[in-house]
Amino acid sequence: MKIVIVTGGSRGLGASTALACARRGMGVIITYNSSPEKANQVAEAIAAIGGRAAVLKLDVGDSRSFPAFRKAVSAQLEAVWKRKTFDVLVNNAGYGLYAPIADVTEEQFDGLFKVHLKGPFFLTQALLPILEGGGHVVNVTSATSRVATAGVAPYAAFKGGLEVLTRYMAKEFGTRGIRANSIAPGAIRTELGGGLSEEFEALLADQTALGRVGEPEEIGGVIAGLLSDENRWINAQNIEVAGGYII
Ligand SMILES: NC(=O)c1ccc[n+]([C@@H]2O[C@H](COP(=O)([O-])OP(=O)(O)OC[C@H]3O[C@@H](n4cnc5c(N)ncnc54)[C@H](OP(=O)(O)O)[C@@H]3O)[C@@H](O)[C@H]2O)c1
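Per the numbering used here: the sequence shown = residues 123 to 369.
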């Protein structure tokens with residue numbers, strides 16, 4: 123059985139990824155930052171379909187907490203699955219900020235940097251010793267790195283950095299048979315950045331070839347599918363999943 127860690131698995135794309143993995147028979151460790159109730163609801167939904175899920179607290183913006191997080195992961199692996207290693211890390215946790223470059227504060231910039239680039243880097247480093255050979259790192263990037271959409275400059279820049287980091291991970295971890303890919307969603311209906319207003323959603327739908335925004339399930343299913351053996355030769359790619367966004 124594959125065991126998958128999904129950061130930010132309490133809501134949105136992470137919750138959908140955790141459920142999609144569980145439906146395919148994988149065990150899941152879900153992390154939350156501020157919503158333990160929501161993370162527990164996801165774990166209950168997984169139990170209801172006969173799956174196993176563990177829930178852990180993690181602030182991806184606090185790299186000093188990562189050694190303790192690794193110990194907590196090891197304890198859960200042992201207690202729930204009688205394992206010392208896990209198979210997949212999905213670096214998904216994140217938040218949005220809409221502000222033009224002229225208005226972004228240094229504090230806002232640093233906050234986004236810690237969660238979207240520094241966090242995935244050092245979390246992956248911390249968990250690498252217990253990531254099974256033949257495993258997989260999936261980083262959640264964004265279509266906003268390809269097209270300069272309004273007001274998300276630091277966020278998009280760090281997602282672009284994460285896309286580059288993914289290729290370096292693939293190169294360096296490949297010697298252990300570990301793949302690394304990133305998934306770049308377009309606009310998906312979640313609570314990111316306070317959710318989509320009706321007006322903004324209409325604009326995004328208009329910019330998308332399929333004429334609508336995406337649903338979380340349309341990302342979770344792709345990530346779970348990417349982990350399957352049939353897709354084992356996909357490596358070092360940034361895969362946009364966006365319904366044809368600004369093409
Ligand atoms: N939705 C989109 O249109 C879209 C498009 C492209 C990329 N993405 C990316 O997809 C990922 C998931 O976003 P989403 O749309 O699912 O957002 P969401 O619904 O707002 O969920 C965000 C998740 O990340 C967690 N999180 C936030 N800050 C965290 C931190 N400092 N440490 C640990 N966990 C943290 C939240 O946990 P708590 O609730 O427990 O705080 C929650 O589980 C993000 O990386 C985002 O940038 C989203």
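C-beta atoms are modelled at their ideal positions from N, C-alpha and C, and glycine is treated no differently.
Relative to the C-alpha of residue i, which candidate in the options has its C-alpha closest?
{"i": "isoleucine 152", "options": "Gln163, Asn357 and Gly131", "result": "Gly131"}
{"i": "tyrosine 220", "options": "Ala137, Gly241, Glu294 and Pro276", "result": "Pro276"}
{"i": "tyrosine 290", "options": "Ala265, Ala201 and Thr246", "result": "Thr246"}
{"i": "leucine 249", "options": "Gly172, Asn162 and Asn213", "result": "Asn213"}
{"i": "alanine 176", "options": "Phe188, Arg186, Trp203 and Val182", "result": "Trp203"}
{"i": "arginine 133", "options": "Leu199, Ala161 and Val150", "result": "Ala161"}
{"i": "serine 112", "options": "Leu178, Gly316 and Ala142", "result": "Limits of the chain in this structure are 123 at one end and 369 at the other, which puts residue 112 out of reach."}
{"i": "lysine 240", "options": "Val226, Ser187, Gly173 and Arg268", "result": "Ser187"}
{"i": "leucine 325", "options": "Ala272, Ala140, Ala169 and Gly183", "result": "Ala272"}
{"i": "glycine 333", "options": "Ile361, Glu352 and Gly365", "result": "Gly365"}
{"i": "threonine 129", "options": "Ala165, Ala270, Asp181 and Ala169", "result": "Asp181"}
{"i": "phenylalanine 243", "options": "Met123, Ala292 and Ala327", "result": "Ala292"}
{"i": "serine 264", "options": "Val150, Gly149 and Asn360", "result": "Asn360"}
If I'm right that residue i touches residue j with Cβ under 8 Å, what's the distance once you round it to whole angstroms?
{"i": "leucine 287", "j": "histidine 238", "result": "Contact doesn't hold; Cβ gap of about 11 Å is too wide."}
{"i": "threonine 330", "j": "glycine 308", "result": "6 Å"}
{"i": "alanine 302", "j": "valine 262", "result": "Incorrect: roughly 12 Å between the Cβ atoms, too far for contact."}
{"i": "arginine 145", "j": "isoleucine 171", "result": "6 Å"}
{"i": "alanine 190", "j": "valine 164", "result": "The pair is not a contact, with the Cβ atoms about 22 Å apart (cut-off 8 Å)."}
{"i": "glutamate 362", "j": "alanine 270", "result": "The pair is not a contact, with the Cβ atoms about 15 Å apart (cut-off 8 Å)."}
Straight-line CA distance for residue i to residue j?
{"i": "tyrosine 154", "j": "threonine 297", "result": "31 Å"}
{"i": "glycine 147", "j": "serine 304", "result": "22 Å"}
{"i": "arginine 354", "j": "glycine 343", "result": "16 Å"}
{"i": "serine 185", "j": "glycine 233", "result": "12 Å"}
{"i": "glutamate 313", "j": "serine 319", "result": "11 Å"}
{"i": "isoleucine 369", "j": "serine 196", "result": "44 Å"}
{"i": "alanine 358", "j": "phenylalanine 295", "result": "11 Å"}
{"i": "lysine 193", "j": "phenylalanine 322", "result": "42 Å"}
{"i": "leucine 135", "j": "isoleucine 345", "result": "10 Å"}
{"i": "glycine 316", "j": "valine 335", "result": "16 Å"}
{"i": "alanine 85", "j": "serine 156", "result": "No statement about residue 85 is possible, as the shown extent of the chain runs from 123 to 369 and does not include it."}
{"i": "glutamate 228", "j": "alanine 169", "result": "42 Å"}
{"i": "isoleucine 356", "j": "arginine 268", "result": "20 Å"}
{"i": "alanine 74", "j": "isoleucine 252", "result": "The first residue shown for the chain is 123 and the last is 369, placing residue 74 beyond what the model contains."}
{"i": "methionine 123", "j": "aspartate 328", "result": "42 Å"}
{"i": "glycine 216", "j": "aspartate 225", "result": "21 Å"}
Residues in the same chain with beta-carbon distance under 6 Å from residue i, minus the five sequence neighbours each way, listed in chain order, please.
{"i": "glutamate 254", "result": "Thr207 and Asp209"}
{"i": "isoleucine 300", "result": "Gly257"}
{"i": "lysine 236", "result": "Gly183"}
{"i": "glycine 173", "result": "Ala144"}
{"i": "isoleucine 223", "result": "Ala275"}
{"i": "glycine 149", "result": "Met123, Ile125, Arg174 and Trp203"}
Can you name, in chain order, every residue of its own chain whose Cβ lies under 8 Å from the Cβ of residue i, other than the five neighbours on each side?
{"i": "threonine 266", "result": "Val274, Tyr277, Ala278 and Lys281"}
{"i": "proline 158", "result": "Ser132, Val177 and Lys179"}
{"i": "glycine 218", "result": "Val274, Tyr277, Leu314, Gly315 and Gly316"}
{"i": "isoleucine 310", "result": "Gly134, Leu135, Val335, Gly336, Glu337, Pro338, Glu340 and Ile341"}
{"i": "glutamine 230", "result": "Leu219, Ala221 and Pro276"}
In the DSSP assignment, what residue or residues form a beta bridge with residue i?
{"i": "isoleucine 152", "result": "Val128 and Val177"}
{"i": "threonine 330", "result": "Tyr367"}
{"i": "asparagine 213", "result": "Asn261"}
{"i": "glutamate 362", "result": "Ala306"}
{"i": "glycine 336", "result": "Ile310"}
{"i": "phenylalanine 188", "result": "For phenylalanine 188, which the question treats as bridged, DSSP gives no partner whatsoever."}
{"i": "phenylalanine 208", "result": "Leu253"}
{"i": "arginine 301", "result": "His258"}
Once the 5 residues before and after residue i are set aside, which same chain residues still bring their CB inside 7 Å of it?
{"i": "arginine 205", "result": "Ile125 and Leu199"}
{"i": "serine 138", "result": "Pro338, Glu339, Ile341 and Gly342"}
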